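Numbering (this note's numbering), first residue to last: 387 to 616.
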């Protein structure tokens, strides 16, 4: 029997896989991609040029040797370096900017940022406010909450909100985020002729693509101001 604990672990893994997918897009950009730069500038945490200068300074001996290699492209390495600085503020912005440029009419990125932030906030709450314990009698994991006020009024209104039905929907929403990232890779031909499947194991095709909107509206507040407005 599936439990809330099962869905919680699945949410963690699905969200982490989606993060990796977006980072992979950034890593495979050629040169210092403008979408990466725009995301950093929007967040204001990292200065792209400073990051690259620091990297060059720390790797001078490496660069001197590698520049003699015919396959080495230093600008492509800049994108790799910057991709390691993506975080949960800049990552969804990068994906939005990148998709808007590459797939302006047919992309599935319209609700990506808002949905990402909701699932991220839920993931953070779960990771910091619960623990899993083994039930020896039923041989399964159980969730125990040791703090349930981090969502303010959203949780106060319904103490049983994070039940199996809600968590099942949350996993499906996280799966939608992952599908949008995977489909974008497929649509741009980044994996050649390789078949790419969605979170349900169905191969993407011209007839099969993620929906424009996530399958559910979770209603998770993404910051304190939103909580106070409810």
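Glycine is no exception: its CB is placed at the ideal position from the N, C-alpha and C atoms.
Here the structure is a predicted model, which means the values were calculated and not measured.
* Would you kindly report the start and end of the unbroken alpha helix (DSSP H) that includes residue 606? => Segment: none, residue 606 is in no alpha helix (DSSP H) and carries neither H nor E.
* Among residues of its own chain, excluding the 5 on either side of residue 403, which ones have a beta-carbon nearer than 8 Å to its beta-carbon? -> 564
* Asked: Name the DSSP beta bridge partners of residue 529, please?
  -> 518
* Asked: Cα-Cα, which of 555, 448, 426 is closest to residue 474?
  -> 426
* From residue 470 to residue 560, what distance separates their C-alpha atoms? -> 22 Å
* **Opening and closing residue of the alpha helix (DSSP H) in which residue 452 lies** => 446-452
* Below 7 Å CB to CB, which residues in the same chain sit around residue 504 once its five sequence neighbours on both sides are set aside? => 604, 606, 608
* Asked: Taking one C-beta from the segment 419-437 and one from the segment 535-549 each time, how about it: are there three or more such pairs within less than 8 Å?
  -> no
* When the Cα atoms are used, what is the spatial distance from residue 588 to residue 492? -> 20 Å
* **Limits of the unbroken alpha helix (DSSP H) element including residue 422** => 420-429
* Asked: Which value, in whole angstroms, describes the spacing of the CA atoms of residue 614 and residue 388?
  -> Caution applies to residue 614, whose pLDDT of 49 falls short of 50 and renders its modelled position unreliable; the value that the coordinates give is listed next. Looking at the two C-alpha atoms, the distance is approximately 34 Å.
* To do: Going by DSSP, name the residue or residues bridged to residue 583.
  => 589
* Name the two residues that bound the continuous alpha helix (DSSP H) containing residue 496. => Run containing residue 496: none; DSSP gives neither H nor E here.
* Cα-Cα separation between residue 616 and residue 545, rounded to whole angstroms -> A caution first: residue 616 carries a pLDDT of 46, below 50, which makes its placement in the model unreliable, though a value can still be read off. C-alpha separation (whole angstroms): 16 Å.
* Report the rounded CA-to-CA distance for residue 519 versus residue 528, giving the unit in angstroms. => 5 Å
* Asked: Where does residue 400 land, buried or exposed, given buried means 16+ other C-beta within 10 angstroms?
  -> buried
* What residues match up with residue 464 in a beta bridge as DSSP calls it? -> DSSP output for residue 464 lists no bridge partner at all.
* Asked: Are the Cβ atoms of residue 477 and residue 408 separated by less than 7 Å?
  -> yes
* Asked: Would you report the Cα separation of residue 459 and residue 509, rounded to the nearest angstrom?
  -> 37 Å
* Asked: Could you check where the alpha helix (DSSP H) with residue 571 kicks off and where it finishes?
  -> 550-573
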